[in-house]
Every structure is written in structure tokens, then in C-alpha cells.
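Residue numbers (the numbering used here): 1444 to 1617.
Just so you know, even glycine gets a beta-carbon here, dropped at the ideal spot from N, CA and C.
Next comes the structure, spelled out in C-alpha cells:
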């Protein structure tokens, strides 16, 4: 699945990348950080979460915690003040997330805790990415260059050389 994601997106953005030339305004460090935060490792956590936990849990541990994690990281790293509206919004989102999670008929902690952990880690990576993007003023061409094109250049050769390619045995790694 990851190979499909980066293969298709990487090929689609090639004309866009060569037109805007985002590598001219991007430092190597920033390119690495952006690529890692939303690259194959991030995708592996997201797809692994769906293997071990119900999709509703992604709403809780990824989408539900994302505003909280983003505000927390912004508070710590950027020293941003949190408004009362932001605090109330995050509390309401977390409350809704916990209501989904505690639906006793569908909660199976024995089988889903690992998927929940993967969703939470993916949410942390995405929250860090959001704060880094704001702090470094990422442009859309830079974002596309790092997340689609650089990850295409890195992951597809790795997949071709080392990972299975038989789609009848499709997994999150391909």
C-alpha cells in the first residue's frame, strides 16, 4: 500500500516539481525533516493501526488527539499561548473522542491496543509536522516535493530491491 501511495503520487507531481523547483528554497535539513515526518514511517504507523484496531479508533487516537497534540507541541516549542476558545475546543474534541472509544459494545482492548498506539504515534508525527510547517513557513511546492517526490525517490527503490512485489500477498509494506 505504501508503494502504491508514493509511487502514484511521486509520478503525478513530477511536472509540478520541475516547474516550481522547490529544492532551490529548501535546506537539506528541512527536506529531511518534512520527508521523515510524513514519509514511509508515518504511513507504516497509519496502515498498521488499521490492521490491529477498528477504523473508529483512528478517529480517536489520530484525529481526536491531533488538535490536543498540536496545541501541546506549539505551547512547548513555539511558546504559543492557548486561547480559551482553543482550550474549550480541544476539550470538546477529546470528550467526543473518548465517547467513541468507550462504546463498550465495540471496544476490545486486548486486540486493539497496538493499533491504538500506532494511531497515536502517527498523530504525534503529524502534529509535529503541522507545528514545524508553521514555524518554518513551508510552501505548497516544498510540501509536495518532500512528501510525494522525495519519498517516492527513497521508498520505491527500497521496495523494488528488498520488499515483496506480489500483490496477491499485499501488505502495508508494499
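* For residue 1520, is the classification buried or exposed, using 16 other Cβ atoms within 10 angstroms of its Cβ as the cut-off for buried? -> exposed
* What number of angstroms, rounded off, separates the C-alpha of residue 1515 from the C-alpha of residue 1530? -> 10 Å
* In angstroms with no decimal places, state the Cα-to-Cα distance between residue 1509 and residue 1569. => Rounded to the nearest angstrom, the two C-alpha atoms are 8 Å apart.
* Report the rounded CA-to-CA distance for residue 1561 versus residue 1458, giving the unit in angstroms. => 34 Å
* For residue 1526, name the three-state secondary structure that DSSP assigns. => coil
* Buried/exposed call for residue 1489, threshold 16 Cβ in 10 Å -> buried
* **Exposure label - residue 1574; buried when at least 16 CB within 10 Å** => buried
* To do: For residue 1548, I'd like the list of residues in its chain whose CB is within less than 7 Å of its CB, leaving aside the five on either flank, ordered along the chain.
  => Any answer about residue 1548 is weak, because its pLDDT of 49 lies below 50 and its placement is not dependable; what the coordinates show is given next. Nothing meets the Cβ criterion.
* Measuring CB to CB, does residue 1567 end up less than 9 Å from residue 1473? -> no
* To do: Report the option in 1496, 1448, 1468 whose CA atom is closest to the CA atom of residue 1557.
  => 1496
* Asked: Sorry if obvious, but does the Cβ on residue 1530 come closer than 8 Å to a heavy atom of the ligand MG?
  -> Among the components modelled here there is no ligand, and therefore nothing to report on the ligand MG.
* Starting from residue 1494 and walking both ways along the alpha helix (DSSP H), at which residues does that stretch end? -> 1483-1495
* Residues near residue 1595 by beta carbon distance below 6 Å, same chain, minus five either side -> Contacts found: 1449, 1453.
* For residue 1548, the three-state DSSP class (helix, strand or coil) -> Low confidence applies to residue 1548: its pLDDT is 49, below 50, so where it sits in the model is not reliable enough to give any reading.
* Asked: Below 9 Å between beta carbons: does that hold for residue 1475 and residue 1502?
  -> no
* Option in 1534, 1465, 1500 with minimal Cα separation from residue 1565 -> 1500
* Asked: Is residue 1446 closer than 9 Å to residue 1599 when the C-beta atoms are compared?
  -> Going by C-beta atoms, residue 1599 is nearer than 9 Å to residue 1446.
* Asked: Within this structure, are the beta carbons of residue 1585 and residue 1468 separated by less than 9 Å?
  -> yes
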